[in-house]
Amino acid sequence: MAAEYKRSFRMYSAWNYMQEVEDLNKLSDEGWQLVRGGCFHSKFVKNPDIRYRYQMDYQKIDDMARYIEIFREQGWEYVNSTFNGWHYLKKLYDPALPDEAYEIFTDRESLREMTGRWTRFATILGVLFGIMAIIEAFRVITAPNIPRFIQLFTFIIESGLLLRGAFIMRRTEPGQKLRHDSLILGIFFACILIGAASNIILDDMRPNFNTQQQADEVFEPIIENRWVDFDVKYPDNYYLDLMIKADEPLTFEIVNEADEVVYTETGTDVDKKDIRIKLPRGSYGFRMSVNSGFELECSID
Amino acid sequence: MKKSEPMSESYYYILLCLAKGANHGYGIMQMTEKLSRGDVTIGSGTMYGATSNMMKKGWIKEIMSTEGAERRRLYQLTDTGRKALRAEINRLRRMLENAEEV
């Protein structure tokens, strides 16, 4: 008879790993034995004749052979490790043994050391998200727009949830059970997706082009009005690269719908990069006046 | 002399179990339970972490047993480890004496 398998796509937050352990135990009692544990999905095989008790470990392992040996000595079988450093272990269930026989961390210090690794990781990540939120907050203040505001909001939530997770993990006691919080995990991943989506939208909506103009000789003054038009879909700081080479001074301008000059530059030899200009929503055009041979290159994004 | 940090229960019992000679992980675990009359147990996760850290500190070292057909990992107390254990025992003794004075 072919073995029967099933997959589970249930995810758990790291500070709630004991919930995962309990669910694995329950599945084992129902006849589903873990084959491979994972961060995003786990695989089980049907075998109702056996019962296991599981544990998870986030220790740094320097010597895998020694690790497996120490666990084997107390009846533990190593299942697998995930890419992000969690190890799954199982032990045959014996109803005669007390619950403590299935604990792998038996003092507070060693549990702290294990959870501390994750706490440090989450704290660093949480602080990083916090810094991004502060940067985003400044950008929202200087040029408010909805997608950027959403991004700020998601950074704040992500940072908050990670630091909260680190706080909960740090306070875990040996054998402690925590209630499941898949909602929190859902919010966290939703924020990551929404943040990424608003970033893509922001990027997509930006004017992004470059243009070149040149003439070897000019016989009468040229005034080129609005040779390029572009739309600014949301107010923000935009970045202009400008290169001018001309025999006589050339005037370059960006004008808005009302023909008001929002940026101007005059010169015979200009080479500027990343000039920050704050543009409100609207339609803009480039204007230049020159009366000699010239070369002009500009881009905005 | 530098004041030594209090040792975790697991560190203390592991060193104590090795004081009379090398032993393997399971032997240390059983001896700890026997010595403490079941009060102290050392789970596998705690055992791996504690032995790793104490090997890094140079308190214990790993040797391979040559007895029998099966090669097994044994842990042996080093001189530094013995000193650390003695310091901890003295610290505990002082604390006990203080309690008796009060």
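Residue numbers (my numbering), protein chains in the order written: chain G, 2 to 302; chain C, 4 to 105.
All residues carry an ideal CB built from backbone N, CA and C; glycine is no exception.
Assigned with DSSP and collapsed to three states, residue 77/G falls in strand.
One Cα belongs to residue 215/G, the other to residue 139/G, and the distance between them is close to 39 Å. Among the CB atoms of chain C, none fall inside 8 Å of the CB of residue 18/G.
In this structure, residue 236/G lies away from residue 175/G, with their beta-carbon atoms at least 8 Å apart. Residue-level contact by beta carbon holds for residue 12/C and chain G, with a gap shorter than 8 Å.
Between residue 4/G and residue 170/G, the C-beta spacing is not below 8 Å. Residue state for residue 62/C is assigned as coil, using DSSP reduced to three classes.
Residue contact check for residue 182/G against chain C: no CB pair falls below 8 Å. By the beta-carbon neighbour count (other beta carbons within 10 angstroms, threshold 16), residue 224/G is exposed.
Distance from the CA atom of residue 233/G to the CA atom of residue 26/G, rounded to whole angstroms, is 57 Å. For residue 115/G, the C-beta contacts it makes with chain C under 8 Å involve 48, 52, in order along the chain.
For residue 68/G, the C-beta contacts it makes with chain C under 8 Å involve 51, in order along the chain. Counting along the chain, the unbroken beta strand (DSSP E) around residue 241/G starts and ends at 237-257. Residues of chain G whose Cβ lies closer than 8 Å to the Cβ of residue 74/C do not exist; the shortest such Cβ separation is about 10 Å. Inter-residue distance for residue 168/G and residue 246/G is about 59 Å (C-alpha atoms, whole angstroms). According to the DSSP assignment, residue 289/G belongs to the beta strand (DSSP E) that extends over 283-291. In the DSSP assignment, the residues bridged to residue 216/G are 295/G. Contact annotation: residue 210/G and residue 278/G have beta-carbon atoms that are not nearer than 8 Å. Annotation for residue 44/G: 6, 8, 36, 37 place their beta carbon closer than 7 Å to its own, counting only its chain and skipping 5 residues before and after. The shortest CA-to-CA distance from residue 49/G to any of 33/G, 191/G, 60/G is the one to 33/G.
The Cβ-Cβ distance between residue 9/C and residue 89/C does not fall below 8 Å.
Note on residue 284/G: under 16 other CB atoms within 10 angstroms of its CB, so exposed under the neighbour-count rule. Using a Cβ-Cβ cut-off of 8 Å, residue 67/C does not count as an interface residue toward chain G, since no Cβ of chain G sits closer than that to its own. Beta-bridge analysis with DSSP links residue 34/G to 46/G.
Contact between the stretch 144-156 of chain G and the stretch 80-88 of chain G is absent: fewer than 3 CB-CB pairs across the two stretches fall below 8 Å. Excluding residues up to 5 positions away in sequence, 290, 291, 292 lie with their Cβ nearer than 8 Å to the Cβ of residue 222/G in the same chain. With fewer than 16 neighbouring CB atoms inside 10 Å of its own CB, residue 269/G falls in the exposed class. The beta-carbon distance between residue 73/G and residue 103/G, rounded to whole angstroms, is 15 Å. This is too long to meet the 8 Å contact definition.
Here DSSP, grouped into helix, strand and coil, assigns residue 268/G to strand. A residue is called buried once 16 or more other Cβ atoms fall within 10 Å of its Cβ, and residue 227/G, having fewer, is exposed. Judged by their CB atoms, residue 81/C and residue 61/C are nearer to each other than the 8 Å cut-off. Residue 75/G is positioned such that its CB atom lies closer than 8 Å to that of residue 32/C. For the stretch 57-86 of chain G, the residues whose beta carbon sits under 8 Å from a beta carbon of chain C are, in order, 58, 60, 62, 63, 64, 67, 68, 70, 71, 72, 74, 75, 77. Non-local beta-carbon contacts of residue 195/G in its own chain, meaning distances under 7 Å to residues more than five positions away in sequence, involve 151, 155 in chain order.
When CB distances to chain G are screened at a threshold of 8 Å, the residues of the stretch 28-39 of chain C falling below it are 28, 29, 32, in chain order. Collapsing the DSSP output to three states places residue 64/G in coil.
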